[in-house]
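Peer 1:
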Amino acid sequence: MEKEPRKLVFRLTPWIFLLVLPLLYVDILWGHNIQLEQRFHYVSSSERKVIRKETVEKKQEYSLDFLLSKLVKEEDQSKLKSTGLACNPEIFSKHCVTNRPVLIDTATMTVTIPSNQPVQETVIRPYARQEDQVLLESVTPVKILQGNTTSLPEAAEEHRDNIEEKPGKLKLNRPLAA
């Protein structure tokens, strides 16, 4: 007679675990619920009687111009606002930021930025180790043409299939294959 209650306990224990484990999993996974609405609510499951909600204010959305200006130094931010292009030469990398649409010709490694100003050419060698002059000479330079370019450069006319129109940021810090 004593063996039957033991058999019952041994038979029910796996079933109880199979029912309890998914409930614990759901409680742990969805106990801290983050709702994607205008306001975020963090629901605390540590207090069982009262659910406490803490409202986190939505962060202020910044404009694209503000975010792009954060990528360059303070003295170049005014240049970015006035000309639309600012380059930040660092020891370890060089990057240029523009807030205007650009034309990228991957065959000739030319970036064209249309504007109302006279044509200005900037040449950058996109290589991560700027201090290594020997290897830097073997990297294909990227030409950035900014100015009154009503038509595409002659080299770009030949490779019209390779031209893409991209707005926003152009970061040059890795070697590009020609």
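Letter by letter, the sequence shown follows residues 1 to 178 in full-length UniProt numbering.
Glycine included, C-beta positions come from ideal geometry on N, C-alpha and C.
Note that the structure is predicted; figures quoted are calculated from it, not measured.
Just verifying my parser: in three-state terms, what is the DSSP assignment at threonine 83?
Peer 2: On the sequence shown, position 83 is the one that residue 83 refers to. Of the three classes helix, strand and coil, the one that applies to threonine 83 here is helix, per DSSP.
Peer 1: Near valine 26, what residues of its chain come up, given a Cβ to Cβ distance below 6 Å and the 5 sequence neighbours on each side ignored?
Peer 2: As a first step, residue 26 is located in the sequence shown; it is residue number 26 there, counting from the start. There are no such residues.
Peer 1: Sort out for me which residues DSSP pairs glycine 98 with in a bridge.
Peer 2: Position 98 of the sequence shown, counting from 1, holds the residue named residue 98. One detail in the question is off: residue 98 reads as threonine in this sequence, not glycine. DSSP lists Leu85 as partners of threonine 98.
Peer 1: Work out the CA separation of glycine 147 and glutamate 75 for me, nearest whole Å.
Peer 2: Residue mapping note: residue 75 aligns to position 75 of the sequence shown, counting from 1. Residue mapping note: residue 147 aligns to position 147 of the sequence shown, counting from 1. Their Cα atoms are separated by approximately 21 Å.
Peer 1: Are there 16 or more other CB atoms within 10 angstroms of the CB of aspartate 105, so buried, or fewer, so exposed?
Peer 2: Here residue 105 refers to the residue found at position 105 when the sequence shown is read from its first residue. That one is buried.
Peer 1: Can you give me the C-alpha to C-alpha distance between histidine 95 and asparagine 116, rounded to a whole angstrom?
Peer 2: Within the sequence shown, residue 95 is the residue found at index 95, counting from 1. Within the sequence shown, residue 116 is the residue found at index 116, counting from 1. C-alpha separation (whole angstroms): 23 Å.
Peer 1: What number of angstroms, rounded off, separates the C-alpha of arginine 11 from the C-alpha of leucine 29?
Peer 2: Position 11 of the sequence shown, counted from the start, is the residue given in the question as residue 11. Position 29 of the sequence shown, counted from the start, is the residue given in the question as residue 29. Between arginine 11 and leucine 29, the C-alpha separation is close to 29 Å.
Peer 1: Tell me the DSSP secondary structure of aspartate 105 in three-state form.
Peer 2: As a first step, residue 105 must be located in the sequence shown, where it is residue number 105. Strand at aspartate 105.
Peer 1: Within 10 angstroms of the Cβ of serine 82, are there 16 or more other Cβ atoms? Answer buried if so, exposed if not.
Peer 2: Against the sequence shown, residue 82 aligns to sequence position 82. Exposed, by the Cβ-count rule.
Peer 1: So, with DSSP's three-state summary, where would you put glutamine 117?
Peer 2: Counted from its first residue, the sequence shown places residue 117 at position 117. It is coil, neither helix nor strand.
Peer 1: Where does glutamine 77 sit, in a helix, a strand or coil, going by DSSP?
Peer 2: The sequence position of residue 77 within the sequence shown is 77, counting from 1. Correct three-state label for glutamine 77: helix.
Peer 1: Would you list the residues sitting across from glutamine 146 in a DSSP beta bridge?
Peer 2: Within the sequence shown, the letter at position 146 stands for residue 146. Bridge partners of glutamine 146: Ile113 and Gln120.
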